[in-house]
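S.K.: Following numbering that gives the first Met the number 0, the numbering of the sequence shown begins with 0 at its first residue and continues without gaps. All C-beta atoms, glycine included, are put in the ideal place defined by N, C-alpha and C. It should be emphasised that the depicted structure is a prediction, and the values quoted were computed from it without experimental measurement.
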Amino acid sequence: MIFAEHAKLSSENVLLKSQIVNLEKIDSICTHADSIRREQIFEYEKVVQQKDKQIKKVKKWSSFKDYVIGGLSILAICLLL
0 MIFAEHAKLS SENVLLKSQI VNLEKIDSIC THADSIRREQ IFEYEKVVQQ
50 KDKQIKKVKK WSSFKDYVIG GLSILAICLL L
């Protein structure tokens, strides 16, 4: 009885060791994938910051253009009167 139980536990031990090896491989793959995703997120954040700067420049130019058009309109009205 003891020998049968020992054989059963020995075979389970081998299976558990192979399962540990497989889980370590999966962990390594996931770690690699996470590092790639982290790099992609960093690159996307840089692109978002660049686009935000471009939007701010366009908004600034747009408001400046509105002021110039308004000033020229007032000047034209004053010259016509």
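Determine the direct distance from the alpha carbon of V20 to that of I28, and round the result to whole angstroms.
M.R.: Mapped onto the sequence shown, residue 28 falls at position 29. Mapped onto the sequence shown, residue 20 falls at position 21. Taking the straight line joining both Cα atoms gives about 13 Å.
S.K.: To the nearest angstrom, how far is it from the Cα of A32 to the Cα of V46?
M.R.: The residue labelled residue 32 in the question sits at position 33 within the sequence shown. The residue labelled residue 46 in the question sits at position 47 within the sequence shown. Going by the C-alpha atoms only, they are around 21 Å apart.
S.K.: By how many angstroms is the C-alpha of Q39 removed from the C-alpha of L94?
M.R.: Outside the shown range of the chain (0 to 80) lies residue 94, about which nothing can therefore be said.
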